[in-house]
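Heads up: the sequence shown begins at 0 in numbering that gives the first Met the number 0, then just goes up one per residue. In this text, a Cβ means the ideal position worked out from N, Cα and C, and glycines have one as well. Some notes on the structure that comes next.
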Amino acid sequence: MSIKISMSINGRDQGLISKNCTSKESQGDNSLLEYLDEITVITLKHEMTGSENPEDDSYPPLVITKYLDLSSPMLMNALVNEEMIDCEISVYKELPSGSSEKLYSIALTGGAIIDIHTRHRKPPKNESGTQEKLSILYHTATYTHYGRTAGSFSFVNSTYSKGFQ
């Protein structure tokens, strides 16, 4: 099953940071107009470990890898200025018909970008070479399931709730 992940980011000060990120202007021949105001996510890492006392649960940052795009300078600005952000990550599966179906989403609220790594490499044909890895610390994460599964759940990152807000 082929999976596609995209992400929208709204900044408290800058507004829609992911605006036009998959446009031809931003991605060239790799543009995806159906996800125009979303960032294409290459990798997603979200580690969670429970404890005996849920009030003490803390989670490391959610980490994504993305291509360099129109959001890149705005993301750096959000990092430098400690801008509060809200994100929605959408996970889709590709159907045999060629269309896609949303499997689930992850909404991060009260977040902040705490780390950006930019890596340039010679790209394979039809692929952008420069990638960025973003680490996002968040206050609350909400997973919402779609399709054949139902429901959602939220959790608060206790370490982050004691820090920057």
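Distance, Cα to Cα, residue i vs residue j?
i, j, result
"residue 6", "residue 57", "23 Å"
"residue 38", "residue 92", "17 Å"
"residue 101", "residue 90", "6 Å"
"residue 120", "residue 19", "24 Å"
"residue 36", "residue 96", "24 Å"
"residue 32", "residue 40", "Residue placement at residue 32 cannot be trusted, given a pLDDT of 49 that sits under 50; what the coordinates show is reported in the next sentence. Distance between the alpha carbons of residue 32 and residue 40: 15 Å."
"residue 136", "residue 48", "15 Å"
"residue 144", "residue 132", "26 Å"
"residue 52", "residue 14", "36 Å"
"residue 109", "residue 68", "23 Å"
Take residue i and list the residues in its own chain whose beta-carbon comes closer than 8 Å to its own, dropping the five residues that flank it on each side.
i, result
"residue 59", "46"
"residue 10", "16, 73, 77, 82, 83 and 84"
"residue 99", "3, 91, 92 and 93"
"residue 44", "61, 62 and 63"
"residue 75", "115"
Can you have a look at residue i and say buried or exposed, based on whether 16 or more other CB atoms are within 10 angstroms of its CB?
i, result
"residue 79", "exposed"
"residue 12", "exposed"
"residue 116", "exposed"
"residue 50", "exposed"
"residue 65", "buried"
"residue 104", "buried"
"residue 1", "exposed"
"residue 128", "exposed"
Among residues of its own chain, excluding the 5 on either side of residue i, which ones have a beta-carbon nearer than 6 Å to its beta-carbon?
i, result
"residue 134", "60, 62, 113 and 114"
"residue 118", "130"
"residue 42", "64"
My understanding is that residue i touches residue j, with C-beta atoms under 8 Å, so please give their C-beta distance in whole angstroms.
i, j, result
"residue 87", "residue 111", "Not a contact, Cβ separation roughly 16 Å."
"residue 155", "residue 141", "At roughly 10 Å, the Cβ-Cβ gap does not stay under 8 Å, so residue 155 and residue 141 are not in contact."
"residue 8", "residue 70", "7 Å"
Check your understanding: Which runs of the beta strand (DSSP E), 3 residues or longer, sit entirely within the stretch 57-138?
Key -> Fully enclosed beta strand (DSSP E) runs of no fewer than 3 residues occupy 61-66, 84-93, 99-118 and 130-136 of the stretch 57-138, in order along the chain.
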